[in-house]
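Take a look at the structure set out below.
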Amino acid sequence: LALPLPFGGVRRVLAAAALAGFLFPVYGAVKSFHSDILHNFGIYYSNGGSWGQALREYELEGPWAPTYVMSRYFLGNVYADRGEPGDLEKALARYKEVRAIAPDYVSVAYREAKILEKMGDHEQAIERMERQVRIDPVWEETWLFLAGLYEKTSATQKAAETRQEALAARAMWPAQTAPVPSLDSRT
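Its first residue numbered 1, the sequence shown is counted upward by one per residue in this note's numbering.
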């Protein structure tokens with residue numbers, strides 16, 4: 001390297017620093033791209049029911065990757081859907097990890113509540129669903145699920161009020177109530 005510096009050692013140090021300054025972002029971009037590939041393979045294996053392979057792919061994603069938080073959420077979904085002993089607890093742990101990184105991540109409180117209900121912890125499921133409807137008040141299904149949880153805990157007044165919220169959420173999306181044309185009706 002021909003830098004106009006009289007000292008050979010300083011020249012080498014500066015050249016090494018410049019090379020490192022160039023290679024570090026390139027390395028990060030390659031690792032992020034690799035994580036994205038792993039993420040897509042994880043989705044592929046999840047959709048095919050290859051739970052073990054999906055878990056391996058999601059676990060290999062790096063925390064610097066843009067898809068990292070989503071991969072933690074999908075890990076929870078795999079554990080929730082797989083159905084092996086101890087999986088519900090593992091799913092809750094992954095969802096908790098997601099909330100630590102992104103507290104208002106879409107649907108994480110809903111998925112937690114579904115698992116907590118399966119485990120019989122209706123009070124904590126209600127707490128998670130109350131958070132979910134604060135985050136996303138226009139999703140009718142969450143209001144209906146919360147109403148069902150209230151009914152299971154004998155909070156009938158809250159259940160009735162929550163069903164009214166579900167109707168209000170449905171009214172915000174009139175396209176949901178319109179019938180979907182079948183393929184045969186288009187000919």
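Even for Gly, the Cβ is constructed at its ideal location relative to N, Cα and C.
Item                                                                                                       : Value
Buried/exposed call for serine 154, threshold 16 Cβ in 10 Å                                                : exposed
Three-state secondary structure assigned by DSSP to alanine 155                                            : coil
Simplified DSSP state of aspartate 87, which is helix, strand or coil                                      : helix
Unbroken alpha helix (DSSP H) run spanning phenylalanine 58, endpoints                                     : Note that residue 58 is tyrosine in the sequence shown here, rather than phenylalanine. Where tyrosine 58 is concerned, the enclosing alpha helix (DSSP H) stretches over 51 to 59.
Euclidean distance between Cα positions of tyrosine 58 and arginine 72                                     : 7 Å
Same chain only: Cβ atoms within 6 Å of arginine 82, ignoring 5 sequence neighbours per side               : Trp51
Alpha-carbon to alpha-carbon, lysine 114 and glutamate 84                                                  : 16 Å
Residue from Ala160, Ala169, Met119 and Pro103 whose Cα sits closest to the Cα of threonine 142            : Ala169
Under 8 Å between C-beta atoms of tyrosine 110 and glutamine 132                                           : yes
Contacting residues, own chain, Cβ-Cβ under 8 Å from serine 32 (five flanking each side not counted)       : Gly62, Trp64, Ala65 and Pro66
8 Å contact criterion, which lysine 96 and tyrosine 79 should meet: CB distance rounded                    : Rounded, the Cβ-Cβ distance is 12 Å, inconsistent with contact.
Whole-angstrom C-beta distance between glutamate 130 and leucine 116, which should lie under 8 Å           : At roughly 12 Å, the Cβ-Cβ gap does not stay under 8 Å, so leucine 116 and glutamate 130 are not in contact.
Helix, strand or coil at tryptophan 143 according to DSSP, with G and I counted as helix                   : helix
Counted within 10 angstroms of its Cβ, other Cβ atoms place arginine 128 as buried (16 or more) or exposed : buried
Alanine 126 and tyrosine 150 closer than 8 Å at C-beta                                                     : Sequence inspection shows isoleucine at residue 126; the alanine mentioned does not correspond to that position. The answer is yes: Cβ separation under 8 Å.
Own chain residues within Cβ distance below 6 Å of isoleucine 37, not counting five before or after        : none
Helix, strand or coil at serine 71 [DSSP, three-state]                                                     : helix
Closest by C-alpha distance to glutamate 165, when choosing among Leu60, Val106, Pro137 and Trp173         : Pro137
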